[in-house]
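Shown next, in structure tokens, is the structure this report addresses.
Number of protein chains: 2
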Amino acid sequence: MPAWNAYASACPTRMVLDRVADKWAVLVLGLLTDGPVRFNQLRRAIDGLSQKMLSQTLKSLERDGLVSRRAVATVPVTVEYSITPLGRTLAATVDALRVWAETHIEEVLTSQERYDAGRRDAVSV
Amino acid sequence: MPAWNAYASACPTRMVLDRVADKWAVLVLGLLTDGPVRFNQLRRAIDGLSQKMLSQTLKSLERDGLVSRRAVATVPVTVEYSITPLGRTLAATVDALRVWAETHIEEVLTSQERYDAGRRDAVSV
DNA sequence: TGCACCAGGTACCTATTCGAAACCACAGTA
DNA sequence: TACTGTGGTTTCGAATAGGTACCTGGTGCA
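Listed in order, the protein sequences are those of chains X and Z. First residue of the first sequence? That's 1 in the working numbering, and the numbers climb one at a time after it. First residue of the second sequence? That's 1001 in the working numbering, and the numbers climb one at a time after it.
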């Protein structure tokens, strides 16, 4: 355990941020917490998500071991995606972020309004 | 409190993710937890950060009420940036994410290696 | 006089990203 | 025969992010 330094470039923790930064990834991860979902089910569930981005996102998530893919030899070959235990722990952590957002969003919005309304009074030279 | 739905597009919590997605923002926020820092101090502290991105990042952070800006009328006019109480709570939450990354990074890397080494055996048709 | 440093702003240019859409093979249905 | 739905891949083009470089403008220093 080399005690990763987040301030060094090329830090592995940066990768986690990149994954969380991907809005589709967190949405997919969130949907999968309730159980396995098929490809086109996901596509229809998340508005604005193209099949390209979905397959790309799922590939990344699978590569990171956050979701698992299972192809079922049904009539037209359906593919089931489910969240892994590891993915579940990340989803829980991201959820903490969601809680923060819900808790403090009003403060942030208030600050933004004050800022956008020209905070000339805030200039404390 | 409308119980924000993260699955609806244009959700405010999305904004929080976008902010966390900005690697420079989290790094700046992290540096400011130790105390006020000046503009060029930040720039020198974070390798690879251009002044354009720094000023852009600081502006966003200030707009969101996460950091506060204070211009000091010293010899060549220095500007001091410090973290706000609100910013500190976000930094703490993001820190949880960092902890997750440090804890599980090896699992993720292992998974990636297995994936990249051609997981033909994983095809379970 | 010329250079450097402070805190940025601005213009340009490139690389990545991402959506739209076409294409794939297969099988059931009308 | 033609169309639908399954799970994707590929290509194209537009938008955006972000780095480089140059600008202000005041001041101390050589």
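Glycine included, C-beta positions come from ideal geometry on N, C-alpha and C.
Look at Val94 of chain X here: in three-state DSSP terms it is helix. The DSSP-derived three-state label of Val1026 of chain Z is helix.
Of all C-beta pairs linking the region 10-23 of chain X to the region 1012-1027 of chain Z, three or more are shorter than 8 Å, placing the two stretches in contact. Distance check between Gly65 of chain X and each of Z:Pro1012, Z:Cys1011, Z:Glu1113 and Z:Gly1035 places Z:Glu1113 closest, using alpha-carbon atoms only.
Scanning its chain for C-beta atoms nearer than 7 Å, with the 5 sequence neighbours on each side dropped, one finds around Thr57 of chain X the residues Asp22, Trp24, Ala25 and Val28, in chain order. Taking Ala117 of chain X as reference, the option from Z:Ala1045, Z:Ala1101 and Z:Arg1063 with the minimal CA-CA separation is Z:Arg1063. Distances from the CA of Arg1088 of chain Z to each of Z:Gly1030, Z:Val1079 and Z:Pro1012 were compared; the closest alpha carbon is that of Z:Gly1030. A direct Cα-to-Cα measurement between Ser50 of chain X and Gly35 of chain X gives close to 22 Å. Collapsing the DSSP output to three states places Val1108 of chain Z in a helix.
For Glu80 of chain X, no chain Z residue has a C-beta closer than 9 Å to its own C-beta; the minimum C-beta separation is roughly 10 Å.
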